[in-house]
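Q: The structure under discussion is supplied below as structure tokens; questions concerning it will follow.
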Amino acid sequence: MDPLDAPTPSWEIGRHLVRWERPDLVFLTLRGPTSAAEAMRIRAIYAEIGERVGPYHVVFDASELVFIEAGSRAAWTRADKPYPFRSVLVFGANFSTRAVIMTVYRAGRLVAPSLFEFHFEFVSTEVEARARIDEFRSRAG
């Protein structure tokens, strides 16, 4: 069975979780350190979802993220095609995690700006992230 056809499609990659929420949202939880192989698998899932449903929003729970390995940082920034995101909203990140995530995002924007054309924002809570996505949806019509 295709994971996207499941009632609540989700993928476990090591300790990390990617969950598709209809109609247009991916919920990402990264727990512990993140390897390059895990980042590549998550990117492949993102691409597969984008190919099937078009652009979508991402809510990223970074509250349990411990470390993003150098290879993982490179995997996120060296995209070969545009990320299929409308927006990425990150919550739960402490100061150092925010700094690393922002560095990865900015590096991607510098290296390949056309591949990172989505709204990116840190918010305080999951509730706030979902409220912002509701705002984006209402503006889109």
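With the sequence shown counted from 1, adding 6 to any position gets you my numbering.
Positions of the beta carbon are idealized from the N, C-alpha and C atoms, including for glycine.
This structure is a prediction, so every number in the text was calculated from the model and none was measured.
1. Please report the Cβ distance between Trp82 and Ala137, rounded to the nearest whole angstrom; I am assuming they are in contact, meaning their Cβ atoms lie under 8 Å.
2. Between the alpha carbons of Arg143 and Pro90, how many angstroms are there, rounded?
3. Going by DSSP, what residue range makes up the alpha helix (DSSP H) through Asp140?
4. Could you say which of Ile48, Ser41 and Arg21 lies nearest to Val32 if we only look at CA atoms?
5. Quick check on Gly98: buried or exposed, where buried means 16 or more other Cβ atoms within 10 Å of its Cβ?
6. So who's on the other strand from Gly38, going by DSSP bridges?
7. Which of helix, strand or coil does DSSP assign to Val129?
8. How long is the line joining the alpha carbons of Ala12 and Pro61, rounded to whole angstroms?
9. Inspect the CB distances between the stretch 24-43 and the stretch 54-72 and report whether three or more fall short of 8 Å.
10. Could you tell me which residues DSSP pairs with Val32 in its beta bridges?
11. Determine the direct distance from the alpha carbon of Met108 to that of Val117, and round the result to whole angstroms.
A: Looking at the atomic coordinates:
1. About 26 Å separates the two Cβ atoms, so there is no contact after all.
2. Rounded to the nearest angstrom, the two C-alpha atoms are 16 Å apart.
3. Asp140 -> alpha helix (DSSP H) spans Glu132 to Ala146.
4. Of Ile48, Ser41 and Arg21, the residue nearest in Cα terms is Ile48.
5. When all chains shown are included, Gly98 counts as buried.
6. The bridge partners DSSP lists for Gly38 are Leu71.
7. Of the three classes helix, strand and coil, the one that applies to Val129 here is coil, per DSSP.
8. In this structure, the CA atom of Ala12 is about 20 Å from the CA atom of Pro61.
9. Cβ pair count under 8 Å is three or more, so yes.
10. DSSP lists Trp26 and Val64 as partners of Val32.
11. Whole-angstrom Cα-Cα distance: 14 Å.
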